[in-house]
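One structure is given below, encoded as C-alpha cells.
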Amino acid sequence: MITRDITLEDCILDLIDNSVDGAWQLLGGAPMSLDDNSDLSNYCIRISLSEDQFEIRDNCGGITLDEASEYAFTFGRKDEVGEEDYSIGVYGIGMKRAIFKMGSEIQITSTYKDNGKKSFKVPIDVNNWLAKEDRNWDFDLESADNLTEPGVRIVVNKLNEDTSSSFSSPAFIQNLRRTISRDYALHLARGLVVSINNEPVVGWQIRMLLGDAFAPMRQDYVEIVDGGSVRVEMLAGMAAAPPESSEPDVDDRREDRNGWYVVCNGRIVVAADKTSITGWGTDGWPQWHPQYSGFIGLVMFTAQAAKLLPLTTTKRSVDSSSGVYRKAKPAMREASKAWIAYTNERKQALPEARRLEAHTQPISIREVTRRESVSLPSLIARPVIPMANISYTVSRDRVRLLAQAYGNINFSYKDVGVRSFEDAYSELVGDE
Ligand SMILES: Nc1ncnc2c1ncn2[C@@H]1O[C@H](COP(=O)(O)OP(=O)(O)O)[C@@H](O)[C@H]1O
Ligand SMILES: [Mg+2]
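So the sequence shown is numbered by UniProt numbering: it starts at 1 and just counts up by one.
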C-alpha cells in the first residue's frame, strides 16, 4: 500500500533526496540559505534507467552499519537518530517505498568510513520477503566488497511492468530531467552532479530582472515554533517582461516557470505554482491569469529538524495548515498583488513600460539585495487621442501627377494623401 500514493518520478526524487542529504551532512550540515556558499561539486549521483534495470549510485558517504540496523532497513523510526541535520528525510520510508514501487529484485550496497572503508549489502527478494511466515520484517545485511568511494548503490531488477515501460520511454526520461533540473536547481547551482544514463542534468539558473525601475523584494526572518525555529527567506519580482498577448502560449506551457516556488531545506517542493496552494484566488488575491506571466516568487523554509518544515509526506507539496507557512502568506500576497497591479497599469502605457522593462539585467537570486517590497515603476497613462481615418477616390492619373509634383513618381497613394493633407493643414490651419 505504501507504494500507491506516490508516482514513479517522485520515488526517484526520494532516492536523490537521500543522496543529497548524505552529501549535505558530509559538508557539515549547514542550513541551506540563499547566502550559503557550500560547494557540492565533489558529489555525484548517477542514475541509469532501462527497460530491465534501475540503478542509482552516489559518492555521498554511504549508510553506516548503525544507520542500517537501527533505522534504514527497518520500518518506522526506532529512535531519534539523525533527525536534526537540515535534511529533508523525515518519515523513514522514502527508500523502501521507492524500491518496492520499482521492482522485486533489489540489491543495496553501502560503503562508509569507519576506521577505513567498510561495506555491506542488503539483497531483497520482495516476493520471498512478503511470503515470510515469521513476521520478522527486518532485512538481512551481508558482507560486501567496497565501492570505489564511500556511497550507496541501489540496483533494482525484475522491474514491474509499468516501471519498465516508463523507463524505456524517452518522454519519461525527458520529464525526469526537466523535474530534476528545476527541483534541485539550488543544489545543481552549487555544483552537484546528477546524471541520467551518463548525461548530466543541466540545472535551471533562476534569474530575476533588476533595473532602474525594477527590483525584486527579499526578506528574511526567523519563526520560533514548537520544537525549534524555522528560517524563512522570501524573494519575488520580475523574472521576465510580461507577455505581449494574454493568450496562453501553448508551446511554452511545459517550460512555464512563472508563479511561486516553495523550498524546504533546499529542495523545491512546489514549483511554478499558480493555484490556491500559494494563495492565488484566495483572500482577495485574484486567480492566476497569463497576463501575470513574468512573475517569480520563492519562499524558502530552513529548519534543523525536517519535521518542522511545511512539507507533505510525498515532499511534493506544502502543508497549507502549517503555521509557518500561513504566516508567510501575507508577504507573498503583497508581492503578487504589486505585480498584478503593475501588469494592469502597463496596459495603458505600453511603450513606456516596454522601454523600462528593456532596461533591466538578469541577476542570480543570490545577488538580490534585501528590500521590504517589490519595486515596480509607476506608469503614467497617456490620454488616448481620438483618431479619424480618411478615405476617398480620385483618378489614378491625378494621383500620379501630384506625386510627380511632389518630386517622386513612386510615392504611394497613401504618401500622396498624407502629404496633401499636411500641406492643406498648414496653409489653412497653420502650424500646431
Ligand atoms: N544515498 C544515501 N546516502 C546516505 N544515507 C542514506 C542514503 N539512502 C538512505 N540513507 C539512510 O537511510 C535512511 C532511510 O532513508 P529513507 O527510507 O529515505 O527515510 P528518510 O529519508 O525519511 O530518513 C536515511 O535517513 C539515511 O540515514
Ligand atoms: Mg529519504
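Each residue gets a CB set at the ideal place from its N, CA and C atoms; glycine is no exception. Only a predicted model underlies this, so the values are computations on that prediction, with no experimental measurement involved.
In the structure shown, what three-state DSSP assignment does residue i receive?
i: Phe120; result: strand
i: Ile165; result: Here residue 165 is Ser; the residue named in the question, Ile, does not match the sequence. Looking at Ser165 - three-state DSSP - the assignment turns out to be helix.
i: Val318; result: strand
i: Ala102; result: Strictly speaking, residue 102 in this sequence is Met, with Ala absent from that position. Three-state DSSP puts Met102 in a helix.
i: Glu133; result: coil
i: Asn157; result: strand
i: residue 435; result: With the chain represented from 1 up to 432, any question about residue 435 goes unanswered, as that position is not in the structure.
i: Leu13; result: helix
i: Met1; result: coil
i: residue 433; result: Nothing can be reported for residue 433, as the shown portion of the chain is limited to 1 through 432.
i: Ile56; result: strand
i: Leu311; result: strand
i: Ala189; result: coil
i: Tyr86; result: coil
i: Ile108; result: strand
i: Ile93; result: coil
i: Phe301; result: strand
i: Asp431; result: coil
i: Ser143; result: strand
i: Lys415; result: In the sequence on display, residue 415 carries Asp and not Lys. Here Asp415 sits in helix by DSSP.
i: Ser391; result: coil
i: Ile6; result: coil
i: Val126; result: helix
i: Pro216; result: coil
i: Val20; result: helix
i: Ile196; result: strand
i: Phe421; result: helix
Can you tell me whether residue i is buried or exposed, with buried defined as 16 or more other CB within 10 angstroms of its CB?
i: Glu357; result: buried
i: Glu367; result: exposed
i: Phe421; result: exposed
i: Lys274; result: buried
i: Asp251; result: Confidence is the limiting factor: at Asp251 the pLDDT is only 47, short of 50, which leaves the residue's position unreliable and the question unanswerable from this model.
i: Arg355; result: exposed
i: Tyr342; result: buried
i: Lys101; result: buried
i: Met217; result: buried
i: Val81; result: Unreliable positioning characterises Val81 in this predicted model, as indicated by a pLDDT of 49, which lies under 50. The coordinate reading is nonetheless provided below. Per the 10 Å Cβ criterion, exposed.
i: Lys96; result: buried
i: Val374; result: buried
i: Asp397; result: exposed
i: Met234; result: buried
i: Arg46; result: buried
i: Leu130; result: exposed
i: Pro310; result: buried
i: Trp137; result: exposed
i: Ser293; result: buried
i: Arg153; result: buried
i: Asp226; result: exposed
Could you check how far apart the C-beta atoms of residue i and residue j are, in whole angstroms? I think they sit under 8 Å.
i: Val299; j: Val269; result: Actually they do not touch by this definition, with Cβ atoms about 11 Å apart.
i: Val232; j: Phe301; result: 6 Å
i: Leu15; j: Phe167; result: That belief does not hold up - the Cβ atoms of Leu15 and Phe167 are roughly 14 Å apart, past 8 Å.
i: Arg207; j: Ser364; result: 6 Å
i: Lys121; j: Ile108; result: 7 Å
i: Val201; j: Leu209; result: Actually they do not touch by this definition, with Cβ atoms about 25 Å apart.
i: Val156; j: Ile99; result: 6 Å
i: Thr282; j: Trp260; result: With 8 Å as the limit, Thr282 and Trp260 do not qualify as a contact, their Cβ atoms being about 12 Å apart.
i: residue 445; j: Ala335; result: For residue 445 there is no data in the structure shown, the boundaries of the chain being 1 and 432.
i: Ala349; j: Ile380; result: 6 Å
i: Thr179; j: Glu9; result: 6 Å
With 8 Å as the threshold, decide whether the Cβ of residue i is near any Cβ in chain C.
i: Gly191; result: Protein chain content of the structure displayed is limited to a single chain, and chain C is not contained in it.
Does the Cβ of residue i lie closer than 7 Å to at least one heavy atom of ligand 4?
i: Val269; result: Summarising the ligand content, the structure contains ligand 1 and ligand 2 and does not contain ligand 4.
In chain order, what are the residue ranges of uninterrupted beta strand (DSSP E) at least 3 long that sit wholly in the stretch 220-296? Segments of the beta strand (DSSP E) lying fully in the stretch 220-296: 228-238, 259-264, 267-273.
Which runs of the beta strand (DSSP E) spanning at least 3 residues fall entirely within the stretch 24-52, listed in chain order? 44-49
Runs of alpha helix (DSSP H) wholly within the stretch 313-387 (minimum 4 residues, chain order): 323-345, 350-358
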